[in-house]
Amino acid sequence: MKDKRILYVSSEVVPYLPETEISSMSFEAPRLVNQQGGQIRIFMPRYGNINERRHQLHEVIRLSGINLVINDLDMPLIIKVASIPKERIQVYFIDNDEYFKRKATLTDEDGELFSDNDERAIFFAKGVIETVKKLNWSPDVIHVHGWLASLLPVYLKEYYKDEPLFSESKIVTSVYNQSFNNTLNKDMLNKIKFDNINEDAVKVLDEPSYNNLMKVAIDYSDALIVGSENIPEDLKAYLEASEKPILEYKNRDEFGEAYTTFFNNTVLS
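Residue numbers (my numbering): 175 to 443.
Okay, structure coming up:
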């Protein structure tokens, strides 16, 4: 992976949030590429329960200051950055007071999904892409982790389809068993259609369930990774029917070699 540019877009990353399959792999995979001489960037949301002082987050003024239009409302984009200790890895945080100031990640104290998680997902996808444009950094691969990041593939290939910075970028999505019950806001489809994204591309989000969000990500990815030992049967069948390159599940001890081979010989070949 030497000299390859890999952009990691994840809903969670250790050490900023507790350890899960997603947060662990969103750290281990970039660390692997970093050790192999690749160039990496990691993006995640700046949830309000991330301790900014302890992790030494600071705002990057030159990257902040633009507004993203979400469902006809201007929402200010704030970019913060921190370094993972001992790893020489920088993490960029997508922030906005309306969406990410609350002291929680995706659910309230009763375990109920926040009603604006749909808008937060749209804001996160747009915020990542706009920031990478400002960095003028063209990734060879964009690797997506977690359902909050799942709109990035469709936004990149529909809303930003004429952006030359990403014309050669390959999108890889990891599919995990870290889902949610019920659905996101039922008006999600209309909010995405507001951005002139073809309704046919996202019509499955008429019911914005976890499985349907991931189906949209699968449709707009170039290759796929099974991130959990067991994933929903519906998604397993959808992956197989996609006829796209798939790296089957590998545990932490064996993922390194398989991951490197998959990226070098399949994704980037």
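For every residue, glycine included, the Cβ atom is placed at its ideal position computed from N, Cα and C. Only a predicted model underlies this, so the values are computations on that prediction, with no experimental measurement involved.
Item to complete: Work out the CA separation of residue 318 and residue 196 for me, nearest whole Å.
Response: 10 Å
Practice prompt. Along the alpha helix (DSSP H) that carries residue 206, what are the first and last residues, could you check?
Written response: 195 to 209
Discussion item. Please give the ranges of any alpha helix (DSSP H) in the segment 237 to 281, keeping only runs that are unbroken, at least 4 residues long and fully inside the region.
Written reply: 271 to 274
Practice prompt. Look up residue 182 in the DSSP assignment and say whether it is helix, strand or coil.
Written response: strand
Worksheet item: Between residue 266 and residue 237, is the Cβ-Cβ spacing less than 9 Å?
Response: yes
Item to complete: Pull up the distance between the alpha-carbon of residue 190 and that of residue 352, whole angstroms please.
Response: 18 Å
Practice prompt. Pick out whichever of 434, 350, 247 and 440 has its Cα sitting closest to the Cα of residue 208.
Written response: 434
Worksheet item: What residue ranges within the segment 307 to 376 form continuous beta strand (DSSP E) runs of no fewer than 3 residues, ordered along the chain?
Response: 315 to 319 and 344 to 349
Worksheet item: What is the rounded straight-line gap between the Cα of residue 322 and the Cα of residue 199?
Response: 16 Å
Worksheet item: How close, in whole Å, do the beta carbons of residue 392 and residue 348 come, if the pair is a contact with beta carbons under 8 Å?
Response: The pair is not a contact, with the Cβ atoms about 11 Å apart (cut-off 8 Å).
Practice prompt. Under 8 Å by Cβ, that's how I've got residue 179 and residue 314 pegged, so tell me the actual separation to the nearest angstrom.
Written response: 5 Å
Worksheet item: Given that a residue counts as buried once 16 or more other Cβ atoms are within 10 Å of its Cβ, and exposed if not, what is residue 380?
Response: exposed
Worksheet item: Is the segment 291 to 309 touching the segment 324 to 336, taking contact as three or more C-beta pairs under 8 Å?
Response: yes
Discussion item. Using 8 Å as the cut-off, can you tell me whether the segment 253 to 265 makes contact with the segment 273 to 281, which would need three or more C-beta pairs spanning the two stretches below that distance?
Written reply: no
Worksheet item: By the 10 Å Cβ neighbour count, where 16 or more other Cβ atoms means buried, how is residue 336 classified, buried or exposed?
Response: exposed
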